[in-house]
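Novice: Chains as they are written, first to last, in this note's numbering: chain A, 1 to 256; chain B, 257 to 512.
Virtual Cβ for every residue (Gly too), placed ideally from N, Cα, C.
Sharing a structure with you now.
There are 2 protein chains.
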Amino acid sequence: RSPDQTPVGEIMDTDPKVVPASLDQEEVAHIFRQYDLTSMGVVDDNGRLLGMITVDDVVDVIDEEAEEDILRMAGVTETDITETVFEASKNRIIWLLVNLATAILASMVIALFDGSIQQMVALAILMPIVASMGGNAGTQTMTVTVRSLATKDLTSSNVRRVIGKEFAIAVLNGTVMAIIIGVLSYAYFGNMLLGGVIAVAMIINMIMAGLAGILIPVGLEKMDIDPALASSIFVTTITDVIGFFAFLGLASLAFM
Amino acid sequence: RSPDQTPVGEIMDTDPKVVPASLDQEEVAHIFRQYDLTSMGVVDDNGRLLGMITVDDVVDVIDEEAEEDILRMAGVTETDITETVFEASKNRIIWLLVNLATAILASMVIALFDGSIQQMVALAILMPIVASMGGNAGTQTMTVTVRSLATKDLTSSNVRRVIGKEFAIAVLNGTVMAIIIGVLSYAYFGNMLLGGVIAVAMIINMIMAGLAGILIPVGLEKMDIDPALASSIFVTTITDVIGFFAFLGLASLAFM
């Protein structure tokens, strides 16, 4: 609050925030959030004022953008309650077909080691654990990355540091999981070498998962593709393929 | 716009929206969104006006709530850029431990059929495809359900209809995927019975995935647990367990 006699010219904001009319709504929402604005001018290419955006318009935009991210990460397109069964089915089946292709790719990796599996059925029992843990760890990193990109907390200036941090988290958590599953596998199957093989495969896959979880969304963003889109399928494909390959490959080297 | 001589009493809103001070911020944001409000009064238990909430306060709330949903679905707690590696690692490892337990559960299902796998290694090659497709389909339904609950598009009055719709989508997409994988498996392994077994297992698992994807978040909401929390792990555990059980079980009946 200024003293009563202050002229308005001294307290007015002489550098009001304005945005060009062509700016993407997501960018506009980001500016509102960052500066806690309640309104902003809209100008044309010559800087002439065209109108005003107020914060209540931005509420819907923020909501829509977050919704879009969530749905795209799961491979679901924008939905509403009036959508028919056939529309919903058609929208989702594209993603399921992509997943089918990548699942077949992963199973081709398993097929490379059919001889090892036949000789040692414990490999078939344990292999989905390595893949599943990688998928989970990769999804965690990917989700944090997609949101950090959306809120612009992750930028080209700190991306190297964040990659280093995710790598460190992956090494730490991967080691803990490797020890647990290694000991359990040894206890159940009574084979120490098998316990060692699954432990090493687990660490490898969880590190690759962490790196995929950050590098895939960052790479998509660099290519001007929505980082939420497709990240999930790419990440789980990589963790499945590397999980099966690392575990069955190491087991073949160790036992065959 | 009213004619110049209209008294303000005739155009003012005599039923202004007010909320009790104890209301959850998520509810408040929902009211703002639903009625496109720019401000709302806050009252105490006796209906006395305590103050005012404006829409710019709500922007942050909406953003936070959507963020919370996204992160929780992936088993990541609220993060910020200043969090250390150890904090991030500790926050995420809880979820990884839960996933390890459920992955071990799924592998115990595989172990039930070790004899069948030893006799027919094609089962080990194909089984992750059934589980992976169920996981993907379940995640799609779960994501739509979690968002519909958050935006209150899904309520007790339409939940039966939405369950029916998700069931229909699952039958439709499950049948398409079953035909594709059935034909491919027959073509590759030259065994028509094997193609039939994987096709039937695929339909069963995708229907169960669709039902789990809606019933788990709805059930958590009923129990006053955030539907985003844990949904993902529960859904993929169910699709893994049922996927392995249906495929290996049917194969054992068919071949052994």
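Do SER148/A and VAL130/A have their beta-carbon atoms positioned less than 9 angstroms apart in this structure?
Specialist: If you number the first sequence from 1, residue 130/A lands on position 130. If you number the first sequence from 1, residue 148/A lands on position 148. No, the pair does not count as a contact, with Cβ atoms beyond the cut-off.
Novice: Using a threshold of 9 angstroms, state whether the C-beta atoms of GLY134/A and ILE242/A are closer than that.
Specialist: Position 134 of the first sequence, counted from the start, is the residue given in the question as residue 134/A. Position 242 of the first sequence, counted from the start, is the residue given in the question as residue 242/A. Contact: yes.
Novice: Name, please, each residue of chain A whose Cβ falls closer than 9 angstroms to the Cβ of PRO384/B.
Specialist: Here residue 384/B refers to the residue found at position 128 when the second sequence is read from its first residue. Within 9 angstroms Cβ-Cβ: ALA103, ALA106, SER107, ILE110, MET127, PRO128, ALA131, ASP240 and PHE244.
Novice: Do VAL402/B and ASP325/B count as a contact pair if the criterion is CB distance below 9 angstroms?
Specialist: The count along the second sequence starts at 1 and reaches residue 325/B at position 69. The count along the second sequence starts at 1 and reaches residue 402/B at position 146. Against a cut-off of 9 angstroms, the Cβ pair of VAL402/B and ASP325/B comes out as a contact.
Novice: Please list, in chain order, all residues of the same chain as PRO227/A whose beta carbon is under 6 angstroms from its beta carbon, the five residues on each side excluded.
Specialist: Start at 1 with the first residue of the first sequence, and residue 227/A comes out as number 227. Cβ within range, chain order: VAL146, LEU149, PRO217, LEU220 and GLU221.
Novice: In the DSSP output, which residue or residues are listed as bridge partners for LEU96/A?
Specialist: By one-based count along the first sequence, residue 96/A stands at place 96. Answer is none; LEU96/A lacks a bridge partner.
Novice: Would PRO276/B pass as a contact of ASP300/B if the rule is Cβ separation under 9 angstroms?
Specialist: Position 20 of the second sequence, counting from 1, holds the residue named residue 276/B. Position 44 of the second sequence, counting from 1, holds the residue named residue 300/B. The answer is yes: Cβ separation under 9 angstroms.
Novice: Does any residue of chain A have a CB that is nearer than 9 angstroms to the CB of GLY424/B?
Specialist: In the second sequence, residue 424/B corresponds to position 168, counting from 1. Reading off the sequence, residue 424/B comes out as Ala, not Gly. Yes, its Cβ sits closer than 9 angstroms to a Cβ of chain A.
Novice: Kindly identify the DSSP beta-bridge partner or partners of VAL19/A.
Specialist: Within the first sequence, residue 19/A is the residue found at index 19, counting from 1. Answer is VAL42/A, bridged to VAL19/A.
Novice: So, are the CB atoms of ALA106/A and LEU194/A less than 9 angstroms apart?
Specialist: Working through the first sequence from its first residue, we reach residue 106/A at position 106. Working through the first sequence from its first residue, we reach residue 194/A at position 194. Not a contact, by the Cβ cut-off of 9 angstroms.
Novice: In the DSSP assignment, what are the bridge partners of LEU305/B?
Specialist: Translated into the one-based positions of the second sequence, residue 305/B becomes position 49. BP columns for LEU305/B point to VAL299/B.
Novice: Under a CB-based cut-off of 9 angstroms, is PHE342/B close to chain A?
Specialist: Numbered from its first residue, the second sequence carries residue 342/B at position 86. True, the Cβ-Cβ gap to chain A drops below 9 angstroms.
Novice: Looking at ALA137/A: is its Cβ nearer than 9 angstroms to the Cβ of ALA209/A?
Specialist: Here residue 137/A refers to the residue found at position 137 of the first sequence. Here residue 209/A refers to the residue found at position 209 of the first sequence. Their beta carbons are under 9 angstroms apart, which means ALA137/A touches ALA209/A by this criterion.
Novice: Look up THR54/A in the DSSP assignment and give the residues it is bridged to.
Specialist: Residue 54/A sits at position 54 when you count from the first residue of the first sequence. SER39/A, per the DSSP bridge assignment.
Novice: Any idea what DSSP makes of THR262/B, helix, strand or coil?
Specialist: In the second sequence, residue 262/B corresponds to position 6, counting from 1. Reduced to three states, the DSSP call for THR262/B is coil.
Novice: Hey, does LEU97/A have any beta-carbon neighbour from chain B nearer than 9 angstroms?
Specialist: Here the question's residue 97/A lines up with position 97 in the first sequence. At least one chain B Cβ lies under 9 angstroms of LEU97/A.
Novice: Taking 9 angstroms as the cut-off, decide whether the C-beta atoms of VAL327/B and VAL144/A are in contact.
Specialist: The residue given as residue 327/B occupies position 71 in the second sequence. The residue given as residue 144/A occupies position 144 in the first sequence. What sits at residue 327/B in the sequence shown is Leu, not Val. Yes, the Cβ-Cβ distance between LEU327/B and VAL144/A is below 9 angstroms.
Novice: Buried or exposed for GLU166/A, going by 16 or more other Cβ atoms inside 10 Å?
Specialist: Residue numbering aside, residue 166/A sits at position 166 when the first sequence is read from its first letter. Buried.
Novice: Identify the continuous alpha helix (DSSP H) that holds ILE460/B and give its terminal residues.
Specialist: Here residue 460/B corresponds to residue number 204 of the second sequence, with the count starting at 1. 448–478 is the span of the alpha helix (DSSP H), which, as asked, contains ILE460/B.
Novice: On the criterion of 16 or more Cβ atoms from any shown chain inside 10 Å, does MET512/B qualify as buried, or is it exposed?
Specialist: Counting from one through the second sequence, the residue named residue 512/B turns up at place 256. The residue in question, MET512/B, is exposed, as its Cβ has fewer than 16 Cβ neighbours within 10 Å.
Novice: Where does ALA122/A fall in DSSP's three states?
Specialist: Indexing the first sequence from 1 puts residue 122/A at position 122. Three-state result, ALA122/A: helix.
Novice: Would you say ALA455/B and ILE494/B are within 9 angstroms of each other, going by their C-beta atoms?
Specialist: Mapped onto the second sequence, residue 455/B falls at position 199. Mapped onto the second sequence, residue 494/B falls at position 238. In this structure, ILE494/B does not lie closer than 9 angstroms to ALA455/B by Cβ.
Novice: Closest by CA to VAL28/A, which one among GLU65/A, ASP4/A, GLY9/A and GLU10/A?
Specialist: Here residue 28/A is taken as the residue at index 28 of the first sequence, counted from 1. Ranking the options by Cα distance to VAL28/A, first place goes to GLU65/A.
Novice: Between the Cα of ILE180/A and the Cα atoms of LEU305/B, VAL354/B and MET296/B, which residue gives the shortest distance?
Specialist: As a working mapping, residue 180/A is identified with position 180 in the first sequence. In terms of CA proximity to ILE180/A, VAL354/B leads the group LEU305/B, VAL354/B and MET296/B.
Novice: Quick check on the DSSP output: what are the complete beta strand (DSSP E) runs of length 3 or more inside the segment 364–412 of chain B, in order along the chain?
Specialist: Counting only runs of 3 or more, we get nothing.
Novice: Suppose the cutoff is 7 angstroms on Cβ atoms and the five residues either side in sequence are ignored; what does the same chain contact list for MET206/A look like?
Specialist: As a first step, residue 206/A must be located in the first sequence, where it is residue number 206. Excluding residues within five positions, the ones whose Cβ falls inside 7 angstroms are MET133, GLY134, ALA137, ALA170, ASN173, GLY174 and MET177.
Novice: Does any residue of chain B have a CB that is nearer than 9 angstroms to the CB of MET12/A?
Specialist: The residue labelled residue 12/A in the question sits at position 12 within the first sequence. So no, MET12/A is outside the interface.
Novice: Using a threshold of 9 angstroms, state whether the C-beta atoms of VAL61/A and MET40/A are closer than that.
Specialist: Sequence index remark: in the first sequence, residue 61/A carries index 61 (1-based). Sequence index remark: in the first sequence, residue 40/A carries index 40 (1-based). Contact: no.
Novice: Could you name the residues of the same chain whose beta carbon sits closer than 6 angstroms to that of THR54/A, not counting the 5 residues immediately before and after it, in chain order?
Specialist: By one-based count along the first sequence, residue 54/A stands at place 54. Only SER39 meet the Cβ criterion.
Novice: My output table needs one value for VAL76/A: the three-state DSSP class, helix, strand or coil.
Specialist: Position 76 of the first sequence, counted from the first residue, corresponds to residue 76/A. Correct three-state label for VAL76/A: coil.
Novice: How many Å lie between LEU253/A and PHE245/A at the Cα?
Specialist: Locating residue 253/A in the first sequence gives position 253, where the first residue counts as 1. Locating residue 245/A in the first sequence gives position 245, where the first residue counts as 1. Computed Cα separation, rounded: 12 angstroms.
Novice: From the DSSP output, in three-state form, read off GLU538/B for me.
Specialist: There is no way to answer for residue 538/B, as the model of chain B reaches only from 257 to 512.
Novice: Please report the residue range of the alpha helix (DSSP H) in which MET177/A lies.
Specialist: Numbered from its first residue, the first sequence carries residue 177/A at position 177. From DSSP, the alpha helix (DSSP H) with MET177/A extends over 159–189.
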